[in-house]
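Going down the list, the sequences are from chains A and B. Per this note's numbering, the first sequence starts with residue 1, numbered consecutively. Per this note's numbering, the second sequence starts with residue 288, numbered consecutively. Let me begin by presenting the structure, written as structure tokens, before commenting on it.
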Amino acid sequence: MSTIRIRSPAAFWLALPAGLWMALAVVLPVLLIVWVSLWGGTTVSPDNPITFDNYRRFLSNENYLWLIGDTLLQTAMIMAITGFMGYCIAYFLTVKVTSPGWRLALFLAFVIPFWTSTLIRAIAFVPFLGVNGLLNQALMGIGLIERPIQAFLYSRLGISMAQVSLYTLLASGPVVYMLNSIPPALREAAMTLKAPPIIVFWRIILPLTLPGIIIGQVLVFLNVLADFITVTTVGGNKLAFLGNLILLFYEGSQIRMTAVVSVLLMLLMLAGVAIALRIVDIRKVGS
Amino acid sequence: MPEGPAIAQLDLELRHIRKRYGDFVAVNDVSLQVGKGQFVCLLGPSGCGKTTTLRCVAGLEEPDAGDILIGGKEVTGEPPWKRDIAMMFQDFALFPHMTVARQVGFGLEMLKKPKAQIATRVAEVLKAFEIAHLAERRPSQLSGGQKQRVALARAMITEPRILLLDEPIGALDYSLRETVMLELKALQKRSGISFIWVTHDQNEAFSLGDHVVVMNHAKIEQQGAPDEVLSRPRTAFVAGFIQGNNVFEGRAGASRDGVLEVVTAAGLFRVPLLDLAAPAAGDALTFSVRAERLIENPGESILNRLTLRCVTVEYFGAFRRHVLEGAGGLIVKYDQFGALPPSMREGDEVTLGWAQDSGVLHRGPSA
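Given below as structure tokens:
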């Protein structure tokens, strides 16, 4: 409980630094990007007329529409895989591992790799997935394959493997939190009401962890949509998603198109978060 | 395998249940028989094994040894969802994401009853428990007393053979407890379902139970009808745990005509042996005398007597309790009806005694 009252001078002054920062570092740049995306003309000038032509041009190009669809498909696939794996890991760690020592050890083994920055972990997948990489050598070592598999690196498969490994923790963490907040008595109460374990999971545990699943999915959704690093490093230059398109337009000095794709990407993200909020009230989680 | 023949008339039978967690023995050789429709209270201090015993009956814990029979059927290895029981948890364990109606119908849903039948039955039960108006609420919108009713309705709707209750009114406001206790007792009588009620509150146990089981250190110290346990505690623990007993320690002296002389630091007292064998002279033993059976200024015929100094007088309304101190730090409690005029004040020197048959000899520590 806060002792500071809403709308009091103290509350105003406390909110000011963060508010200023958000206005200058987030709101203003976003408004600028939206503005630039509406520029007509050909020069870089504040006097450009305002028009929706850029959007019309982008959205009438079938290739770009496919790219949007492909980006969403990739995101949905990573969300599904990390969601499932993340839930399994969370359930295993919190419910199945009963010894506190083992739980801590496994939990650390799961979490510590994520202390490294996403960029470094993405780059680290290159030597792991390469032709002479660790994965190929291991598979040949145990005799599963005879020749190294080329398709691991610079391919959609490689990007997906890397992204799954990068973002599983995001899907898992909120579920761990929700699972931990379920009193054991609920499970026991359901069992004494004649519910076998699978029904207990389906009717009690899953619904109660749903907010955790949704929050995890939102995090994965936002991260995969924004991820251009993994796509460039692990995917080489063979593949592009929306995030990479922004970079490509930017490097090609097409400032209007850069802004258009940025705005579209932001709208997609906002739409995703809005849908998630309709399913579960994130503000209520933990109360 | 059960040793003896299963008795079908019993709702529950525990045969030599043992449960340990590592080095800690939680339940040690607990045996219990619960007849049809009995109200049994497991009473004891926290950590005495009463809750673990209850959880063994529910199937939430598996005993290391011993047999559990429900309705004459051996269920020791069966999971909770295959046992003919229901359970009420201390904090009610309501499902936060289900409405009251859904919650109460959950057990019937698990029994795969037709939807229409569930709806009718839920409506009936909600009405019977006077919670029909709460049907669409969620647990977070309920008060403690309402939660308790919902939890009870949820457990009772499947009409189990036994209802297990783990401190079921411990989470309620004090003012609510007595009403709820009376209601539960009436409900138990009406339904004919056996109740096994775990509590550390002796008032609950003695006013509700047909059969009271006092546990300590993982073992049953004594079981029997409430008045029997109250008037004839069998061990020093039971006597001490039940309020209002004065427990004396001493050594056995001579015994004659069923009366044992006990030598204590405060003097020599005569205690009836009743059904106990006379201990060898010099054996350490304990006996107790209830605080309300002491007599002020006892007549010449009363041989058991003590001179004490009154230390405190506490008035409880129904009775007045005096705490008195004797030689060698002996503490004696003396209770008097609250309506009687006060007869002693703090600091007074008084003589208290008790009729010979008021003394209750306990079993030896090893027995």
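We treat Cβ as the ideally placed atom computed from N, Cα and C, and that holds for glycine. In this text the structure is predicted, and so the values were computed from the model without any measurement.
query: Taking Cβ-Cβ distances shorter than 8 Å, what residues in chain B pair up with Ala276/A?
result: Simply none; closest approach about 18 Å.
- request: State the DSSP-derived secondary structure class of Gln390/B, mapped to helix, strand or coil.
  value: helix
field: Glu454/B (DSSP reduced to helix, strand or coil)
entry: coil
query: In the structure shown, what three-state DSSP assignment does Asn237/A receive?
result: coil
field: chain B contact residues for Ile199/A, given Cβ-Cβ distances below 8 Å
entry: Here the neighbours are Met397.
- request: Indicate whether at least one CB of chain A lies closer than 8 Å to the CB of Ala345/B.
  value: yes
query: Smallest Cα separation from Tyr308/B: which of Val499/B, Pro350/B and Gly496/B?
result: Nearest option by C-alpha distance: Pro350/B.
task: With a 10 Å radius around its C-beta and 16 neighbouring C-beta atoms as the bar for buried, classify Phe382/B as buried or exposed.
output: buried
query: With burial defined as no fewer than 16 other Cβ atoms inside 10 Å of the residue's Cβ, what is the status of Gly545/B: buried or exposed?
result: Flag for Gly545/B reads exposed.
- request: Would you identify the three-state DSSP class for Thr3/A, choosing helix, strand or coil?
  value: coil
- request: Check the Cβ-Cβ distances between Ile123/A and every residue of chain B, and say whether any is below 8 Å.
  value: No Cβ of chain B is located within less than 8 Å of the beta carbon of Ile123/A.
- prompt: Which one of Leu450/B, Leu581/B, Gln404/B and Met385/B has the shortest CA to CA distance from Val610/B?
  reply: Leu581/B
- request: Go ahead and pull the three-state DSSP assignment for Asp310/B.
  value: coil
query: alpha helix (DSSP H) containing Ala492/B: first to last residue?
result: Gln489 to Leu495
message: Between Gly216/A, Leu264/A and Pro183/A, which has its C-alpha nearest Pro174/A's C-alpha?
response: Gly216/A
- prompt: For Glu304/B, which three-state DSSP category applies?
  reply: Residue 304/B is actually Ile in this sequence, not Glu. Residue state, collapsed to three classes: strand.
- prompt: When the distance is taken between beta carbons, is Glu423/B closer than 8 Å to Ala388/B?
  reply: yes
- prompt: Distance, Cα to Cα, Leu563/B vs Glu579/B?
  reply: Straight-line Cα distance between these residues: approximately 24 Å.
query: Hey, out of Asn503/B, Gly537/B, Met374/B and Pro366/B, whose CA is closest to Ala440/B's CA?
result: Met374/B
- request: List the endpoints of the continuous alpha helix (DSSP H) containing Asp70/A.
  value: Counting along the chain, the alpha helix (DSSP H) containing Asp70/A begins and ends at Glu62 to Tyr91.
message: Give me the chain A residues within the contact set of Ile372/B, using Cβ-Cβ distance strictly less than 7 Å, ordered along the chain.
response: The answer, in chain order, is Thr192.
task: Between the Cα of Val220/A and those of Ser172/A, Pro211/A, Val27/A and Gln254/A, spot the shortest distance and give me the residue it belongs to.
output: Ser172/A
message: Beta-carbon within less than 7 Å of Met191/A's beta-carbon, same chain only, minus the 5 sequence neighbours each way: which residues are those?
response: Val200
- request: Report the three-state DSSP secondary structure of Ile418/B (helix, strand or coil).
  value: coil
Beta carbon proximity, Leu179/A to chain B, threshold 8 Å: no
Neighbour list for Glu62/A in chain B, Cβ cutoff strictly below 9 Å: None at all; the shortest Cβ gap to chain B is about 45 Å.
query: If you measure from the beta carbon of Pro207/A to each beta carbon in chain B, is any gap under 8 Å?
result: yes
query: How big is the Cα-Cα spacing for His420/B and Leu413/B?
result: 8 Å
message: Using the three-state DSSP reduction, which class does Ser318/B fall into: helix, strand or coil?
response: Ser318/B: strand per DSSP, three-state reduction.
message: What does the Cβ neighbour count give for Glu587/B, buried or exposed, with the cut at 16 atoms within 10 Å?
response: exposed
For Asp281/A, three-class secondary structure by DSSP: coil
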